[in-house]
Amino acid sequence: APVSLARYAYDGVEVLEGKIYFVGGYDGSAKNIAERYDPTTDTWETLTSMSTARYGVASAVLNGKYYAIGGQGLSSVEIYDPSTESWSAGVALPSEVNHATAITVNGKIYLIGGRNSSDQEMNQVLCFDPSTNQWTTMANMPTARHGMKLVWFEDNIWAIGGRYPDMNKVESYDPITDSWQAEAPLSINRGWLFALVASDRIFVGGGHDGSSYLNSIEVFDTTTKKWSNLGNFPENKYVADAVVLNDKIYVVAGSTSSGGYS
1408 APVSLARYAY DGVEVLEGKI YFVGGYDGSA KNIAERYDPT TDTWETLTSM STARYGVASA
1468 VLNGKYYAIG GQGLSSVEIY DPSTESWSAG VALPSEVNHA TAITVNGKIY LIGGRNSSDQ
1528 EMNQVLCFDP STNQWTTMAN MPTARHGMKL VWFEDNIWAI GGRYPDMNKV ESYDPITDSW
1588 QAEAPLSINR GWLFALVASD RIFVGGGHDG SSYLNSIEVF DTTTKKWSNL GNFPENKYVA
1648 DAVVLNDKIY VVAGSTSSGG YS
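Numbering (the working numbering), first residue to last: 1408 to 1669.
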């Protein structure tokens, strides 16, 4: 079933309690929409809207709650609690971060990259620890960028692709040592791709290579330590987000071409 409103997804799609949550987005204007997909009934339901429309939002799930983090012009964080079906204010970021990507690892949220209030590319890494209820600055990512994707793979956070410019960079972060290292680059440049881990492999697809919108998919082989082609998606996918739920891959919303939303 399609989402309620075609729009860019950014990093706004997460799995929580066996359902897919999709929050915020952009279709020419920022959105405060929150909706939830039930794979059993193949239906989306509309949830209580966020207090703030979030263009370029990042998201993560922590302790059974959904975190909507930053966005264009924003340093604020909102938290959705499914048990009360309501939003509350979270601990704000030190400053505006838009078009970043977030991931939860070992009970903490990591917010990586993005752009600042001047729309400059960032290599910043922030970590939210619920035990201290604060954001802490960690070691910078080697390459400043936004529009990348993060996955947890081989005990590291992998930052894959991104822009500006559209790039094939892949770098991994070890939260134990607070350090980064370079990984094998993608076969082509991909900005605003989708990425996920399934069957102990990293799958990436879609995005933009600097001149064209993409439908190709590639996979990282842990034996050869290289990326290889895995065919094509049914349509171009740009600024979509993807999750794995019940052994199925769901690619949500985004765009197929310049100025379009899907």
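We treat Cβ as the ideally placed atom computed from N, Cα and C, and that holds for glycine.
Please confirm whether residue i and residue j have their CB atoms less than 8 angstroms apart.
i	j	result
serine 1665	alanine 1413	no
glutamate 1485	glycine 1477	no
glycine 1617	alanine 1647	no
alanine 1437	arginine 1461	yes
serine 1482	alanine 1467	no
valine 1659	valine 1420	yes
aspartate 1573	arginine 1597	yes
serine 1490	threonine 1453	no
glycine 1520	methionine 1555	yes
asparagine 1439	methionine 1457	yes
Give a yes or no on whether the minimum CB-CB distance between residue i and chain B is below 8 angstroms.
i	result
asparagine 1547	Of the protein chains in the structure, only one exists, and it is not chain B.
Check the C-beta distance from residue i over to residue j and give it rounded, since I have them as a contact under 8 angstroms.
i	j	result
lysine 1576	threonine 1550	5 angstroms
glutamate 1625	serine 1635	6 angstroms
alanine 1416	tryptophan 1451	Their Cβ separation, rounded to whole angstroms, is 13 angstroms, which puts alanine 1416 and tryptophan 1451 out of contact at 8 angstroms.
threonine 1367	leucine 1557	In the structure displayed, the chain extends from 1408 to 1669; residue 1367 sits before or after that span and is not available.
serine 1579	glutamine 1588	6 angstroms
aspartate 1418	alanine 1465	4 angstroms
asparagine 1547	glutamine 1531	7 angstroms
asparagine 1505	glutamine 1479	4 angstroms
valine 1604	phenylalanine 1640	Not a contact, Cβ separation roughly 17 angstroms.
leucine 1600	valine 1611	5 angstroms
Within 10 angstroms of the Cβ of residue i, are there 16 or more other Cβ atoms? Answer buried if so, exposed if not.
i	result
aspartate 1585	exposed
arginine 1570	buried
serine 1623	buried
glutamate 1492	exposed
lysine 1655	exposed
alanine 1591	exposed
glycine 1568	buried
alanine 1475	buried
lysine 1644	buried
alanine 1649	buried
isoleucine 1525	The sequence shown places serine at residue 1525, not isoleucine. Looking at its Cβ environment, which holds fewer than 16 other Cβ atoms inside 10 Å, serine 1525 is exposed.
glycine 1667	exposed
glycine 1661	buried
glycine 1638	exposed
arginine 1608	exposed
isoleucine 1583	exposed
leucine 1652	exposed
Taking 7 angstroms as the cut-off, is the beta-carbon of residue i closer than that to any non-hydrogen atom of the ligand NAD?
i	result
serine 1635	Of the ligands one can find in the structure shown there are none, so the ligand NAD has no counterpart to examine.
Would you be able to state if there are at least three C-beta pairs under 8 angstroms between the region 1531-1547 and the region 1442-1458?
-> Three or more beta-carbon pairs separated by less than 8 angstroms are not found between the region 1442-1458 and the region 1531-1547, which leaves the two stretches without contact.
Scan the region 1411-1443 and note each continuous beta strand (DSSP E) run of 3 residues or more that stays entirely inside, going in chain order.
-> The qualifying runs are 1420-1423, 1426-1430.
Are at least three pairs of beta-carbons, each pair with one atom in the region 1419-1434 and one in the region 1561-1571, less than 8 angstroms apart?
-> no
Which ranges does the beta strand (DSSP E) cover as unbroken runs of at least 3 residues, wholly within the region 1445-1513, from first to last along the chain?
-> 1450-1453, 1465-1469, 1472-1478, 1481-1488, 1493-1496, 1508-1512
If you scan the region 1625-1664 from start to end, which runs of the beta strand (DSSP E) of 3 or more residues do you find wholly inside it?
-> Counting whole runs of 3 or more residues, the region 1625-1664 contains the beta strand (DSSP E) stretches 1633-1639, 1648-1652, 1655-1659.
Those runs of the beta strand (DSSP E) which lie wholly inside the region 1509-1572 and span at least 3 residues = As summarised for the region 1509-1572, the continuous beta strand (DSSP E) elements at least 3 residues long and confined to that stretch are 1515-1519, 1532-1536, 1541-1544, 1556-1560, 1563-1567, given in chain order.
Whole beta strand (DSSP E) elements within the region 1570-1601, 3-residue minimum = 1577-1581, 1586-1589
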